Amino acid sequence: DGISRRLADRDRRFVARPTTRIPLAVRSGEGAHLIDEDGRRVLDLTSGWNVANAGWNHPRIVAAVVEQAKELAFAPPWCTHDARSRVAERLSGMLSTASGVDGEFKALSGATGSEAVEAALKVARRATGRQATVGFTEAYHGGTLGALQAGGVPQVQGVDVPTSQFHRHAPIPDMLRANGRDYAALVREALLSGPPPAAILLEPAFTNPGVIHGDREFYQAVQAAAREAGALLIIDEVGTGFGRMGHTFGFEHWGLQPDIVVVAKALTSGAVPMAGALMRSELADAVSGPGFSSTFGWVPLACAAATASLDVLEDEQLALRARHLGELALERLRPLVDAHSSIAAVRGIGLELGIEFTDESGDPLPRPPMETLTRRLLQRGIFAEPSAYTSTLLLMPPLVIDEAEWLGALDTIAEQIGEMAE
Ligand code: PMP
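In my numbering, the protein residues as written are 1 to 422.
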């Protein structure tokens, strides 16, 4: 990995907060594979953190972006263009179908997940006239200040998140550490004690803490408690949306009826940044005045990418595929829990999966052994990443991954876990 290593050195020198932990200098992509500067193909099990659901460089998405780039890449935000209202209309229809909500949804445009989370929080505040929000400990909803504070990560890269009087948190429903705790009751308590909240912000599966999720009963109880507290239900689908969890949206698993849904990442499968806060139409009255504009929100290039990506999602039935491949994976990986004391849990839904590691005393495994594992996998042509702050190996491949290659990768992972345990 000569060239990759040299590029990683330059990254460390000139890029602030370099994310280079693994010397993989990517040059191109194809389906579920990334190809590095040294010409090596690796099987990607990250999708770039749930971005490339349709696979890297899907030819239909590439063609749509190239065609649109020749026509008009950017438009003044105060003009309309055909693709923008079409994508918004299409997402509204997808959400109504998914949630069983009769009405329509309106899209507030942005470029990144963080920006769309902020937009959702602002809408909720304006619409309810309340300031407070309830979130979950360890949940990550973006790196901008409001999104960081609404989430519950205490530190990012070793730096404390500034605290805020407006945001309070309930524990994420971590079944391994429940100790008889009633997580749903704790959420209700967080909603009903203290200043009345504008909204509760949650994920259908909390990706960043290691794919932690409750069951249907938990999510239904959260929804009921939110309604009781007069708080809007904001679902962050940035990581879980667009087929990842075996449905178009992750919330479909739990039968939820969200007020606002935040989408980003796989909306374009990564071709162009694009994000949205999709709200029930009646909430859109709150969207007026300054503070809701985004220069790079839903530019023609992004809308072309989204249209093509949504076409691929539907035509190739990627949600169904994710469900099938996820079931196969759980079948293969679950025996690891009994076979190795270092494996605490194998969990997830669809192709949103995690293997949680612990040390002998049941505490999270420290970072170095996790990184040894990912390095060993990379040497064998498999790119997987642990959660940034828990010892869970995340398995979130492009939904187009070939079944035999997927199963082969799972076998390699199991083998490496076995070797490391010796
Ligand atoms: N929400 C979730 C669940 C995420 O995983 C992320 C990014 N990892 C974000 C929001 C923020 O998105 P972005 O990085 O595009 O701002």
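All C-beta atoms in this analysis are idealised placements derived from N, C-alpha and C, irrespective of residue type, glycine included.
Just so you know, these numbers come straight off a predicted model, no measurement behind them.
Cα-Cα separation between Glu-115 and Met-175, rounded to whole angstroms: Taken atom to atom, the span from the alpha-carbon of Glu-115 to that of Met-175 is near 31 Å.
Less than 8 Å between the CB atoms is what I'm expecting for Gly-135 and Ala-150, so what's the real figure, rounded? About 5 Å separates the two Cβ atoms, so the contact holds.
Rounded Cβ spacing between Ile-200 and Ala-226 (contact assumed at less than 8 Å): Indeed, because the Cβ distance is near 5 Å, the residues count as touching under 8 Å.
Is any non-hydrogen atom of the ligand PMP found closer than 7 Å to the C-beta of Gly-143, if you look at the structure I gave you? Yes.
Beta strand (DSSP E) segment containing Met-279, residue limits: For Met-279, the uninterrupted beta strand (DSSP E) run begins and ends at 275-280, by DSSP.
Under the three-state reduction of DSSP, which class applies to Glu-327: helix, strand or coil? Residue state, collapsed to three classes: helix.
What did DSSP end up calling Ala-185 once you bin it into helix, strand or coil? Ala-185: helix per DSSP, three-state reduction.
Can you give me the Cβ contacts of Gln-220 inside the same chain, cut-off strictly under 6 Å, excluding the 5 residues immediately before and after it? Nothing meets the Cβ criterion.
Under a three-way DSSP split, which group does Ile-413 fall into? Ile-413: helix per DSSP, three-state reduction.
In three-state DSSP terms, what is Ala-198? Three-state result, Ala-198: strand.
Is the beta carbon of Met-274 less than 8 Å from the beta carbon of Ala-306? Result yes, Cβ atoms of Met-274 and Ala-306 sit closer than 8 Å.
I'd like to confirm the pairing. Which residues does DSSP put opposite Val-42 in its beta bridges? Val-42 is bridged to Leu-34.
Taking 8 Å as the cut-off, decide whether the C-beta atoms of Glu-228 and Phe-251 are in contact. No, these two residues do not count as a Cβ contact at 8 Å.
Sequence-distant residues of its chain with Cβ nearer than 8 Å to Ser-164 (five each side left out): Here the set comprises Gln-149.
With DSSP collapsed to three states, give me the class of Gln-155. In the structure shown, Gln-155 sits in a strand (DSSP, three-state: E or B).
So who's on the other strand from Lys-106, going by DSSP bridges? Beta-bridge pairing by DSSP links Lys-106 to Met-279.
Which two residues bound the contiguous alpha helix (DSSP H) that contains Val-337? Element bounds for Val-337: 335-339.
Considering only residues of the same chain and omitting the five flanking positions on each side of Thr-112, which have a CB-CB separation below 8 Å? Cβ within range, chain order: Gly-142, Ala-264, Pro-273 and Ala-275.
Rounded separation between Ala-73 and Ile-3 - CA only: Roughly 33 Å separates the two Cα atoms.
Of the residues Asp-215, Thr-97, Ala-127 and Ser-309, the one placed nearest Ala-205, counting alpha carbons only: Taking only the C-alpha atoms, the option nearest Ala-205 is Asp-215.
On the premise that Leu-395 lies in contact with Leu-45, defined as a C-beta separation below 8 Å, what is that separation, rounded to the nearest angstrom? Under the criterion of beta carbons closer than 8 Å, Leu-45 and Leu-395 qualify as touching, at roughly 5 Å.
From this set, Ala-231, Arg-188, Pro-196 and Asn-208, which residue's C-alpha is nearest Phe-218's C-alpha? Put simply, of Ala-231, Arg-188, Pro-196 and Asn-208 the residue whose alpha carbon is nearest the alpha carbon of Phe-218 is Arg-188.
In this structure, how does DSSP classify Pro-364 when only helix, strand and coil are distinguished? In the structure shown, Pro-364 sits in a strand (DSSP, three-state: E or B).
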